[in-house]
Amino acid sequence: MGTYAVVTGSSGGFGSVFVRTLLEKGYDVIAGVRDMAKGEFLVQEAKQIGKQEHLHLWQLDVTNPDDIERLTAFLEKSSDSVDVLINNAGYCQGGVVEGLSEEQWQEQFDVNMFGVIRLTKALLPLLRRQRFGRVINISSISGRIGLPGMSAYASTKFALEGFSESLRYEMLPFQVYVSLIEPGSYRTGIWEKALQERAHADEAYDTLTSNLEKEASRAASGSSDPEVAATVLENILKTKKPRLRYPMGTSARMYHYVKPLIPYRLLEWIILRRIFR
């Protein structure tokens with residue numbers, strides 16, 4: 360009898376790191392990707408470590424209920440257990456509130472939040488019945504602090520934090536542990552995509568937008584290696600009772616531990632000074 364792990368957003372960033380780590384730990388990994396062609400490199404990586412038979416590349420768009428239904432039906436028919444669910448799929452929609460269309464807001468929430476709800480809700484009965492499991496939601500430093508030009512993204516991550524905390528309490532009686540990984544800046548491509556996806560706003564925001572673009576470029580160029588996510592995942596998997604939050608990286612840990620201790624006006628001054636310096 361095998362053990363399944365499900366990973367969404369597997370074709371890049373942290374997703375591919377999670378897939379490889381889980382394969383190395385002996386899991387049968389369902390690597391969810393929207394575009395199967397973009398996931399082919401995962402097959403090659405699995406072959407390199409002799410785990411190709413344990414990798415299942417799966418067409419999975421978290422905004423598509425049919426994809427989720429097919430996956431759920433497959434897992435329900437399987438005699439194997441589902442021990443790990445990693446909700447990693449997501450993107451950053453850049454832009455100031457005034458410049459974002461309602462459609463852009465809806466798309467951001469559909470992927471980053473409702474996609475998590477859809478898949479998690481579908482798999483919870485399996486996890487609950489077996490009375491063991493890990494649900495790992497990939498949040499962000501933006502789930503702890505709302506920065507200018509990232510209102511849509513931050514809103515989804517703040518929502519994800521609340522969802523995960525509530526779900527954790529609901530699942531603890533069934534020995535299913537819900538955890539959040541909260542990365543700072545890592546080389547996952549999210550900042551480059553945020554620049555490409557940013558919404559255009561009134562010229563009154565030109566100075567802010569220009570400064571935010573520079574900050575995003577600095578974040579992209581100075582970000583850390585996403586491979587560190589493997590260590591965090593291993594920690595969650597081996598810990599008998601993993602905690603709720605795992606801030607990852609210097610900036611994330613700083614905001615996690617320092618934000619509650621300093622006056623809000625000081626934090627506000629620091630952020631404004633950085634953006635408008």
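Note that our numbering has the sequence shown beginning at 360, numbered continuously upward. Quick reminder that beta carbons are idealized off the backbone N, C-alpha and C, glycines included. None of the values given here were measured: they were computed from a predicted structure.
According to DSSP, residues forming a beta bridge with residue i
i, result
"Asp-417", "Looking at the sequence shown, residue 417 is not Asp but Trp. According to DSSP, Trp-417 bridges with Gly-391."
"Gly-637", "In this structure the chain extends from 360 to 636, so residue 637 is not present and cannot be described."
"Tyr-536", "Arg-493"
"Thr-362", "Ser-440"
"Pro-542", "Met-607"
Residue range of the beta strand (DSSP E) that includes residue i
i, result
"Asn-496", "492-497"
"Arg-604", "604-607"
Integer Cβ distance of residue i from residue j, believed to fall under 8 Å
i, j, result
"Asn-594", "Leu-539", "Actually they do not touch by this definition, with Cβ atoms about 13 Å apart."
"Val-388", "Val-366", "6 Å"
"Glu-541", "Arg-604", "6 Å"
"Asp-439", "Thr-362", "6 Å"
"Leu-485", "Leu-434", "6 Å"
"Leu-519", "Gly-502", "6 Å"
"Arg-487", "Val-535", "6 Å"
"Glu-627", "Asp-561", "Contact flag wrong, Cβ pair sits at about 23 Å."
Test item: CB-CB of residue i and residue j under 8 Å
i, j, result
"Gly-409", "Ser-369", "no"
"Ala-448", "Gly-474", "yes"
"Tyr-606", "Arg-493", "Here residue 606 turns out to be Pro, not Tyr, going by the sequence shown. Taking 8 Å as the Cβ cut-off, Pro-606 and Arg-493 do not qualify as a contacting pair."
"Phe-390", "His-415", "Checking the displayed sequence, the identity of residue 390 turns out to be Ala instead of Phe. Yes."
"Ala-588", "Phe-373", "yes"
"Ile-500", "Tyr-623", "no"
"Gly-543", "Ser-610", "yes"
"Ile-634", "Pro-507", "yes"
"Leu-430", "Trp-417", "yes"
"Lys-516", "Ser-498", "yes"
"Leu-382", "Leu-444", "no"
"Asp-642", "Ala-364", "Here the chain comprises residues numbered 360 to 636, so residue 642 is not present and cannot be evaluated."
"Gln-452", "Gln-467", "yes"
"Leu-625", "Val-455", "no"
"Val-376", "Glu-524", "no"
"Ile-504", "Lys-406", "no"
"Leu-596", "Lys-384", "yes"
"Leu-592", "Thr-380", "yes"
Limits of the unbroken alpha helix (DSSP H) element including residue i
i, result
"Asp-442", "Element bounds for Asp-442: not the alpha helix (DSSP H) but the beta strand (DSSP E), 440-446."
"Ala-396", "No alpha helix (DSSP H) contains Ala-396, which DSSP labels as neither H nor E."
"Gly-374", "373-383"
"Ala-588", "587-597"
"Phe-468", "461-468"
"Ile-629", "623-635"
heavy atom of the ligand GDP below 7 Å from residue i C-beta
i, result
"Val-441", "Looking for the ligand GDP in the displayed structure turns up nothing, as the structure carries no ligands at all."
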